[in-house]
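Protein chains in written order, with the working numbering: chain A, 75 to 333; chain B, 75 to 333. Just below is one structure, and these are the notes that go with it.
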């Protein structure tokens, strides 16, 4: 029989609620997956889940049962508990707790493929969306430079939509990465709103390259822009001052890639 | 001398705080612009502002003074009031109250140009970002079909980044709009994840067209998809199930446009 938790005072419930905070995730070395899409992505990627929490009205029970083995711990929780641990306010009736994954720190010896480098991007939704887009665009990895938000905070996790299970995530000094790309002979495209930059449609599509996206307000650090093969921009035709960074990244990732 | 409000109990403060809710905006027929970028965009677009609220530490006072005329009402508010009326939790020290603008309801006789049609898009951030991108891509207007979120809720306003002052926003029955496009002879591209759909890169770039983006979970309504010139899709190369709708809209708007 499935274990049941109904009291909001239960110590597990308290721990799960604490996963909303960076401190809570650090102490417990785990994070919360909310909603069927994310839990399913984790199961399909064979990520070990510490526990899966469902409410009585969770609708995909049959599909869930097919995807898990007998050892997987399942706990039935009350709707009130679901509301309490949810970050969205509209819980879908399923959650899972997964171990925090360490982002990779070492620059791989082989840099073939497509890489997205993020310099000081701030907004959690933008960060998660860019990881998801890089996954969709068949990128090899995403590298987080300085100023990276916590990758396992609920908003980033929600926007990644499970792409953390599909694509390699690195943290590191972007200047070192650019040096490695220069040695590999693969081009690095920086993004810059400047008369010196090149219209992105002038760049030849390739299989192997790196693209740097920068901070929402200030763009890519100017020292990094000096290390690139070429800096590029997306022309603005209307009166908007700029594009959202995740939208710009999506346009560039698909345009620069030779598939 | 500038009027000052310091008490959080002041009735104006109560009214401004109520602008966070749909009911409050409806009763007062106005909405809140938060942050210097938005207030500046409104002033540059010569939008009449009912009042501008600044805190003592607002840094762009000199630029603000240049942009306003003497009749513009300015009120100095305390940091506590700024926190209270802010939707972000990190107020930048400037706000303005603007009249709710009615979105246009009538289909224009001339449909030349580029149009973005939104069918039941739900997320306020996605909606605002798409309006901003349509502005940047030089579109003529955005049309909101069924299920449109409230355009003046704080999250939409924040993501639009002032593009509501640059581009025409319509509400209407998208099926009627598609009939009008058919009569005009301009193509309408629907978006659909389906084997019948065409790779978006096969579509010839044009000056005049409409693009329909759909609901985050369910896509564009299938009845609308029957009315289009051609339905298109963006191929996924990795393991992500889909792209974020605002990212997909950005890729398509820039790719389909002939500039």
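Where is the CB? At the ideal position from N, CA and C, for every residue including glycine.
Any C-beta of chain A under 8 angstroms from that of residue i
i: residue 311(B); result: yes
i: residue 317(B); result: yes
i: residue 105(B); result: no
i: residue 288(B); result: no
i: residue 325(B); result: yes
i: residue 258(B); result: no
i: residue 132(B); result: no
i: residue 244(B); result: no
i: residue 211(B); result: yes
i: residue 237(B); result: yes
i: residue 321(B); result: yes
i: residue 151(B); result: no
i: residue 308(B); result: yes
Residue j beta carbon less than 8 angstroms from that of residue i
i: residue 112(B); j: residue 102(B); result: no
i: residue 115(B); j: residue 161(B); result: no
i: residue 319(A); j: residue 216(A); result: no
i: residue 214(A); j: residue 189(A); result: yes
i: residue 248(B); j: residue 193(B); result: yes
i: residue 264(B); j: residue 302(B); result: yes
i: residue 76(B); j: residue 148(B); result: yes
i: residue 43(A); j: residue 225(A); result: Residue 43(A) lies beyond the stretch modelled for chain A, which goes from 75 to 333, so this question has no answer here.
i: residue 325(B); j: residue 328(A); result: yes
i: residue 106(B); j: residue 128(B); result: no
i: residue 305(B); j: residue 268(B); result: yes
i: residue 254(A); j: residue 185(A); result: yes
i: residue 142(B); j: residue 246(B); result: no
i: residue 312(B); j: residue 210(A); result: yes
i: residue 321(B); j: residue 321(A); result: yes
i: residue 220(A); j: residue 174(A); result: no
Top-ranked residue by Cα proximity to residue i, from the options
i: residue 212(A); options: 83(A), 127(A), 333(A), 80(A); result: 333(A)
i: residue 122(A); options: 100(A), 145(A), 86(A), 133(A); result: 145(A)
i: residue 155(B); options: 208(B), 331(B), 91(B), 199(B); result: 91(B)
i: residue 271(A); options: 308(A), 149(A), 228(A); result: 308(A)
i: residue 239(B); options: 246(B), 77(B), 231(B); result: 231(B)
i: residue 104(A); options: 110(A), 124(A), 331(A); result: 124(A)
i: residue 266(B); options: 331(B), 295(B), 275(B), 235(B); result: 295(B)
i: residue 200(A); options: 302(A), 287(A), 173(A); result: 287(A)
i: residue 198(A); options: 229(A), 254(A), 180(A), 290(A); result: 229(A)
i: residue 285(A); options: 110(A), 222(A), 237(A), 187(A); result: 187(A)
i: residue 167(B); options: 119(B), 241(B), 126(B), 83(B); result: 126(B)
i: residue 202(A); options: 300(A), 234(A), 82(A), 250(A); result: 234(A)
i: residue 261(A); options: 273(A), 277(A), 206(A); result: 277(A)
i: residue 135(B); options: 163(B), 164(B), 169(B); result: 169(B)
i: residue 250(A); options: 218(A), 279(A), 280(A), 274(A); result: 218(A)
Residue i - DSSP class collapsed to helix/strand/coil
i: residue 87(A); result: helix
i: residue 286(B); result: strand
i: residue 101(A); result: helix
i: residue 122(B); result: coil
i: residue 132(B); result: coil
i: residue 242(A); result: strand
i: residue 184(A); result: coil
i: residue 200(A); result: helix
i: residue 273(B); result: strand
i: residue 213(A); result: coil
i: residue 302(A); result: coil
i: residue 325(B); result: helix
i: residue 223(B); result: coil
i: residue 137(B); result: helix
i: residue 317(B); result: coil
i: residue 116(B); result: helix
Chain D residues whose Cβ lies nearer than 8 angstroms to that of residue i
i: residue 240(A); result: This model lacks chain D altogether; the protein chains it does include are A and B.
Any C-beta of chain B under 8 angstroms from that of residue i
i: residue 203(A); result: yes
i: residue 199(A); result: yes
i: residue 207(A); result: yes
i: residue 271(A); result: no
i: residue 268(A); result: no
i: residue 333(A); result: yes
i: residue 328(A); result: yes
Cβ separation of residue i and residue j, assumed to be a contact under 8 angstroms, to the nearest whole Å
i: residue 179(A); j: residue 244(A); result: 7 angstroms
i: residue 331(A); j: residue 314(B); result: Going by Cβ atoms, the distance from residue 331(A) to residue 314(B) rounds to 14 angstroms, so no, they are not a contact pair.
i: residue 204(B); j: residue 323(B); result: 5 angstroms
i: residue 208(A); j: residue 241(A); result: 6 angstroms
i: residue 97(B); j: residue 227(B); result: Incorrect: roughly 12 angstroms between the Cβ atoms, too far for contact.
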